[in-house]
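**Q** Protein sequence lines, in the order shown, are assigned to chains A and B.
So the mapping is simple: our numbering equals the position in the first sequence, first residue as 1, plus 15.
So the mapping is simple: our numbering equals the position in the second sequence, first residue as 1, plus 6.
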Amino acid sequence: MSATTTHDEHHHDDHGPAKGIMRWITTTNHKDIGTLYLFFALAMLFVGGSMSLVIRAELFQPGLQFVNPDFFNQMTTMHALIMVFGMIMPAFVGFANWMVPMMIGAPDMALPRLNNWSFWILPFAGTMLLSTLFMDGGGPASGWTLYPPLVLQTGNALPFAIFSVHLLGISSIMGAINIIVTIMNMRAPGMSLLKMPLFVWTWLITAYLLIAVMPVLAGGVTMLLTDGFFGTSFFQAAGGGDPVLFQHIFWFFGHPEVYIIILPAFGIVSQIIPTFSRKPLFGHDSMVYATASIAFLSFIVWAHHMFTVGMPLAGQLFFMLSTMLIAVPTGVKVFNWTATMWRGSLSFETPMLFALAFLFLFTIGGFSGLMVAIAPADFQYHDSYFVVAHFHYVLVPGALFGAIAGAYFWLPKWTGHMYNETLGKVHFWLSAIFVNLTFFPQHFVGLAGMPRRIPDYATQFADFNAISSVGAFGFGFSQLLLVYIVIQCVRGGEKATAQVWEGADGLEWTVPSPAPYHTFEEAPTVR
Amino acid sequence: MSKTVRNHTITRVLLVLAGSLLVAGSANAAWEVNMPVGVTDVSQKVFDLHMLIFWVCVVIAVGVFGAMIYCMVAFRKSKGAVPATFSHSTTAEIVWTIVPVLILVAMAVPAAQVLVEIEDTRDTEMTVKITGYQWKWQYEYVGEDVSFYSNLAAGSNRTRQLRSGIDPFQEDNYLLDVDRPLVVPADTKIRYLITSNDVLHAWWMPDFAVKKDAIPGFINEGWFKVNEPGIYRGQCAELCGKDHGFMPVVVRVLPKEEFAVWLAAEQGGEAMASATITQ
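(1) Run the proximity test for B/N203: is its beta-carbon closer than 7 Å to any non-hydrogen atom belonging to the ligand HEM?
(2) Taking Cβ positions, are A/M102 and A/A140 nearer each other than 8 Å?
(3) Fully enclosed by the stretch 245-329 of chain A, which alpha helix (DSSP H) runs are 4 residues long or longer?
(4) Looking only at C-alpha atoms, which of A/A111, A/D242, A/F244 sits nearest to A/P212?
(5) For A/A140, decide whether its Cβ has a neighbour in chain B, counting only Cβ atoms nearer than 8 Å.
(6) Below 8 Å on the Cβ atoms is my contact criterion, and I expect A/F291 with A/M206 to pass it. Report the Cβ-Cβ distance as a whole number of Å.
(7) At a cut of 8 Å, does the stretch 463-472 of chain A reach the stretch 482-498 of chain A through at least three beta carbon pairs?
(8) Residues in the same chain with beta-carbon distance under 6 Å from B/F81, minus the five sequence neighbours each way, listed in chain order, please.
(9) Scan the stretch 51-111 of chain A and note each continuous alpha helix (DSSP H) run of 4 residues or more that stays entirely inside, going in chain order.
(10) Closer than 9 Å, Cβ to Cβ, to anything on chain B: give me those residues from the stretch 467-491 of chain A, in chain order.
(11) Output the boundary residues of the alpha helix (DSSP H) element that contains A/I198.
(12) Does any CB atom of chain B fall closer than 8 Å to the CB of A/D47?
(13) Quick one: is A/I389 near chain B, going by C-beta distance under 8 Å?
(14) What are the boundary residues of the beta strand (DSSP E) that B/R258 is part of?
(15) Kindly indicate which residue of A/I220, A/H407, A/G507 has the alpha-carbon position closest to the one of A/G64.
(16) Pick out whichever of B/V257, B/Q144, B/A220, B/Y76 has its Cα sitting closest to the Cα of B/D213.
(17) Which residues of the stretch 332-360 of chain A have a Cβ closer than 9 Å to any Cβ of chain B? Give them in chain order.
(18) Quick one: residues in its chain with C-beta nearer than 6 Å to the C-beta of B/I290, no 5 flanking neighbours on either side, listed in chain order?
(19) Distance cutoff 8 Å, beta carbons only. Does A/V180 sit that close to anything in chain B?
(20) Check the Cβ of A/Y162 against every Cβ in chain B and list those closer than 7 Å, keeping chain order.
(21) Name the chain B residues whose beta carbon is nearer than 9 Å to that of A/P427?
(22) Got a sec: which bits of the stretch 242-272 of chain A sit with their beta carbon under 8 Å from any beta carbon on chain B, in order along the chain?
(23) Going along the chain, which unbroken runs of the alpha helix (DSSP H) with 4 or more residues stay wholly within the stretch 52-129 of chain B?
(24) Residues in its own chain within less than 6 Å of A/G421 by CB, not counting five upstream and five downstream?
(25) Apart from the five residues just before and just after B/I109, which ones in its own chain have a Cβ nearer than 7 Å to its Cβ?
(26) Quick one: does A/V303 have its CB under 8 Å from some CB of chain B?
(27) Using three-state DSSP, classify B/F224 as helix, strand or coil.
(28) Which residue wins for smallest C-alpha separation from A/G254, given the options B/L245, B/E177, B/S170, B/F224?
(29) According to the neighbour-count rule (16 or more other Cβ atoms, all chains shown, within 10 Å of its Cβ), is B/V122 buried or exposed?
(30) Chain B beta carbons: is any one of them nearer than 8 Å to that of A/A33?
(31) For B/L110, decide whether its Cβ has a neighbour in chain A, counting only Cβ atoms nearer than 8 Å.
(32) Which class does A/M143 belong to by DSSP, given the choice of helix, strand or coil?
(33) In chain order, what residues of the same chain lie with their CB nearer than 8 Å to the CB of B/A160, ignoring the 5 residues before and after it?
(34) Measure the beta-carbon distance from B/I136 to B/W209 and round it to whole angstroms, keeping in mind my assumption that it falls under 8 Å.
(35) Can you tell me where the beta strand (DSSP E) with B/Y139 in it begins and where it stops?
(36) Could you tell me the distance, in whole angstroms, from the CA atom of A/F134 to the CA atom of A/Y274?
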């Protein structure tokens, strides 16, 4: 490591990056790869989003107007698979690539060529997954949870869907290894672990979660493959197996997965709120321990997704109690963010608006999460729209707003230009209003008895469904504004300083904007 | 509108909406915002538990969101706020760790009690066996030689076809009606056994607070005891293929004497039918 940092390497930068498409295909630069991940995620936002608009168009009124029920099920399945594996996870990996090396004073990621491969697997796997919609029998229509026996009724698409899940998982695992090795080995002198910014910490913990659970998903879907094609009976009683085994395997992955999704958003918000409060993050060490507690607890709650499978009483009690416990470290984080703002000096630029909306609306998602943790009450909530409302609150105004906040926050650092603040605020208010219009009514129809994953519903659910659909279209089209703002910012705008934001603090704000292609080729000293 | 007024208006609207959750309306009301109280002792307890957790969340939300809104109003740079420099407090961390744990314990105790009651299937007075099919239910009265399928009612089935042009609002109990409902006696602790013939299904009866998965090759067990005769409607609650949304659950609860009459008629009817076939 020291061999590359002892003398002036600036003459290498005179070439700059390669030109044309080959730059992007062969790049091993963490900034380029971060950009690739972020643009890929932005594209997938619209692919997954248009599927949700097919869903909401059909659900606008009772009766079946647009699509047949089987295609509707393909839409709900693919919408989730694309958003989870093709959008939100790659988006946060994009942030990790761009920001982690700079935040720890490292010149790049530890394994740059592995980094390139981690990205380029994604478009290939995503294309293969989307192509299943056009195969005989259509795409998977079992829900993103892929439960057998239903999933084994998928047509020719099944092996392709499973293969793409494998590839998406491999990309995540390789990326996670890269992040851990980088953080553990390449921190600048003086940057002890507890001196690292929260965003780096949350990604370090997320990376361990990824390595622990993605292989479990891979195992589970491989067992689906062998049950389907090679005569095994993992999930069939006739052969001595059990469909519920799959649910255990899936959710042992699936629960940590949702923390994999949200932890980086926690990290981003932990960078933004102190900046625009002009005050250090309250309880930095406590925030690290809380994040680690959430990660640990996330391994022992999985069966709260399975309260109705016929679990023994002791199991239901255990998973109810462990799930309720996660509210404690999560609450600690919410209190710490609030305490950061307390007696600060707040300004409300677009990143702060999205971070504050995150704080409010993720907390609402957290409350409905606490409600579904209560097992006997969950008998009424499970597989209803109440659960759909809960997880969309934590995923959309939670994780997605966290990512959007990060994009506005770091765009000036990446591009060297300030984005259009007025348009940013318009984007914010449209998004915040429409996201609530879309998902808040879903709590009501869920409580009133509307199941999930249905293309048509009883007439008493019509009014709130209509409102939700209007909200969905509004929210979806509002995101076009984000594309415009990003592209406009890349192409030009008011020149950004190195520090960009008055309250900004951290190594990434010590390099110029735009950040040079290679930064920290010589390690900074951290006091 | 200034941010302050806007925030206060939003808070007021949310409180009104939250207040409306105090009332659990009937299952057929549009604009319904809450879970039904239902017609069993268990469903009442589940409703009460749901409301307890809800109000705890509301109280915490008022506190936390109140603090956030206060920060956004009182500590604005544009109003000249100067930032403090404190960045930690061990006391605060301990307090806001311990207090939530205590609140959770207070919630866990009643929750565990209700759960124990739900899982107690002793001393039941009759057993029905429920089998999920793609896409209908089958009901069997164990030991009584009565069994039948329960399909989506013909009217709903016609209306729900893609681009049928028929108005669902003209269809009574659209998607919540069947040709043959499950018929059970009131004031009777009834055990249900549930399984599936093909893929996963789930039998959900919101008015009884009953939801249980139907798993092929396995038999799940539960119970309910309905206090109030009437007709109650629910739906399948586990994705089971294309017509998952079209296999409702309907239970007709009769007073005990009327149920006995109904059951005898069913048995007589079946005996006559099988006698006809053997001739």
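Glycine included, C-beta positions come from ideal geometry on N, C-alpha and C.
Remember, it's a predicted structure, so these values are computed and weren't measured experimentally.
**A** Result, derived from the coordinates:
(1) Among the components of this structure there are no ligands whatsoever, and the ligand HEM is therefore not found.
(2) no
(3) 258-292, 299-312
(4) A/A111
(5) no
(6) Wrong, their Cβ atoms sit about 24 Å apart, outside the cutoff.
(7) no
(8) A87
(9) 84-96
(10) R467, R468, I469, P470, D471, Y472, A473, T474, Q475, F476, A477, D478, F479
(11) 172-200
(12) no
(13) yes
(14) 255-260
(15) A/H407
(16) B/V257
(17) L332, M335, L336, M339, L340, A342, V343, P344, G346, V347, V349, F350, N351, W352, T353, A354, T355, M356, W357, R358, G359, S360
(18) Residue 290 of chain B lies beyond the range of chain B shown here (7 to 285); nothing can be said about it.
(19) no
(20) L206
(21) Within chain B, no residue comes near A/P427; the closest Cβ sits about 19 Å away, beyond 9 Å.
(22) Q251, A252, A253, D257, P258, V259
(23) 96-124
(24) F110, I283
(25) V62
(26) no
(27) coil
(28) B/F224
(29) exposed
(30) no
(31) yes
(32) helix
(33) D185
(34) 5 Å
(35) 132-139
(36) 21 Å
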